[in-house]
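So the structure is just underneath, and the comments pick up after that.
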Amino acid sequence: MADTVLYDLVEGLATITLNRPDAMNALNIDTKVALRDALLHAAEDPAVRAVLLTGSGQRAFCVGQDLKEHIGLLAADRDGSGEGSTMSTVALHYNPIVTAIAGMPKPVVAAVNGVAAGAGAGFAFAADYRIIADTASFNTSFAGVALTADSGVSWTLQRLIGYGRAADLLLFPRGIDAQEALDLGIAHRVVPADELAAEAAAVARRLAEGPTAAYAALKESLAFAAGHTLTESLAMEDELQRRAGASDDHAIAVNAFVNKEKPRFTGR
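In full-length UniProt numbering, the protein residues as written are 1 to 268.
This is the structure we're talking about:
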C-alpha cells in the first residue's frame with residue numbers, strides 16, 4: 001500500500017487512513033489508486049468484518065481532488081500531451097471507491113476529523129455511519145470550481161437530507177459545520193475532536209464483532225429499496241431473510257438468547 005493511504009487490520013477491523021495531512025488529504029492519483037485498492041482488498045478479505053475510514057491530521061478528512069495536480073493534468077489535456085482525459089478519474093477512481101464503500105459487504109464507519117469537501121464529502125456520505133469531530137465540516141464545493149457532482153453525491157446526499165436541501169447545497173456550496181451536519185442528518189454523532197479516534201474505533205469495533213452477514217444483507221436491502229417498489233422490496237426482504245436465517249450467526253444468536261448469554265458472532 002502506498003504511504004499516502006495507511007491500512008491496518010486488527011481483530012476484524014480494517015482502518016484505512018488517508019495520509020497526506022500537509023495537503024489536507026487531497027486526492028492525487030497515487031492516493032486515489034491506493035484508496036481504491038485498499039477498499040477492494042478490505043471487501044474481499046474474509047478476515048475484515050468492518051471498516052473504519054478516516055484522515056490523518058486535525059485539519060481535514062479529505063478536501064477532494066488535488067487541484068495542484070489537476071491543473072497540470074488539464075494543461076496536458078489541452079496541449080495534447082496528456083494520456084487520455086483528466087476527467088477519466090471519475091470512472092477510474094471515484095466511482096470504484098464509492099462503489100466499494102457503499103457496496104462493501106460489511107459496515108463502513110467514516111470518522112470525519114476535519115474538512116470533508118467535494119469527493120471527500122462523497123466518500124463520507126457513502127459510508128454507513130458517520131461520526132464527526134465537533135471541529136469538522138462538509139462542503140460539496142463542486143459548483144465552486146465549475147464542476148458537477150461526482151463520487152456518488154448526487155445519489156447519496158439527497159437520500160440523506162432530501163432533494164430540496166441537496167439541491168441547495170450543490171447549487172450554493174458552503175461550509176456545513178458539525179452541528180448543522182447533525183441537524184440535517186448528515187452526521188450520526190458529533191464528538192469532541194480529541195475523542196473522535198477513540199469513539200469511532202469503539203463503534204467500528206462493535207460492528208466488527210457483530211453479525212457481518214446480517215449487516216451485509218441490511219445494506220443490500222436498503223440499497224435495493226431505494227430504487228424499487230414496496231412489493232419488490234418485500235420480495236427482496238424475503239430472499240435476504242431466508243439467507244440470514246440459514247447463517248451460523250443466526251443460530252448462535254438464538255441459542256445465546258435461550259441460554260441468556262451474550263452471542264459471540266463469527267461473521268458467517
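Glycine included, each C-beta is placed from N, C-alpha and C at the ideal position.
Sub-8 Å separation of residue i and residue j beta-carbons
i: Gly-118; j: Val-33; result: no
i: Ala-121; j: Ala-102; result: no
i: Ile-218; j: Ala-50; result: The sequence given here places Leu at residue 218; Ile does not occur at that position. Not closer than 8 Å, so no.
i: Glu-220; j: Phe-265; result: no
i: Asn-28; j: Asp-66; result: yes
i: Ala-166; j: Gln-179; result: no
i: Asn-113; j: Leu-196; result: yes
i: Leu-9; j: Thr-17; result: no
i: Leu-53; j: Arg-205; result: no
i: Ile-97; j: Leu-39; result: yes
i: Lys-262; j: Ala-253; result: no
i: Ser-233; j: Ala-244; result: no
i: Ala-200; j: Ala-111; result: yes
i: Ser-56; j: Pro-21; result: yes
i: Ala-43; j: Met-87; result: no
Three-state class that DSSP yields for residue i in the structure shown
i: Phe-172; result: coil
i: Val-153; result: helix
i: Ser-247; result: coil
i: Leu-13; result: strand
i: Asn-25; result: coil
i: Ala-146; result: coil
i: Phe-138; result: strand
i: Arg-20; result: coil
i: residue 276; result: For the chain, the structure presents residues 1 to 268; residue 276 sits outside this window and is missing.
i: Arg-165; result: helix
i: Asp-128; result: coil
i: Asp-8; result: strand
8 Å CB neighbourhood of residue i in its chain, flanking five on each side removed
i: Asp-79; result: Confidence is the limiting factor: at Asp-79 the pLDDT is only 48, short of 50, which leaves the residue's position unreliable, though a coordinate-based value still follows. Here the set comprises nothing.
i: Phe-142; result: Gly-118, Thr-148, Ala-149, Asp-150, Val-153, Leu-170, Pro-173
Beta-carbon contacts of residue i that lie in its chain and below 7 Å, excluding the five residues immediately before and after
i: Ala-181; result: Ile-132, Phe-138, Ala-187
i: Ile-161; result: Leu-184, Gly-185, Ile-186
i: His-250; result: Ala-244
Own chain, CB closer than 6 Å to residue i, minus 5 neighbours either side, in chain order
i: Asp-177; result: Ser-137
i: Val-90; result: Asp-150
i: Ala-60; result: Met-24, Asn-25, Gly-114, Val-115
8 Å contact criterion, which residue i and residue j should meet: CB distance rounded
i: Asn-173; j: Gly-152; result: In the sequence under discussion, the amino acid at residue 173 is Pro, which differs from the Asn named in the question. Going by Cβ atoms, the distance from Pro-173 to Gly-152 rounds to 16 Å, so no, they are not a contact pair.
i: Ala-213; j: Gly-267; result: 7 Å
i: Ala-193; j: Gln-58; result: 7 Å
i: Leu-169; j: Thr-140; result: 5 Å
Within-8 Å CB hit, residue i to chain D
i: Asn-25; result: Considering every chain present, this structure includes no chain D. It has just one protein chain.
Problem set entry | Whole beta strand (DSSP E) elements within the segment 177-231, 3-residue minimum | DSSP runs (the beta strand (DSSP E)) wholly in the segment 177-231: 189-191.
Exercise. Curious, which full-length beta strand (DSSP E) runs of at least 3 residues does the segment 32-110 contain?
Worked result: Here the runs fully enclosed are 50-55, 60-62.
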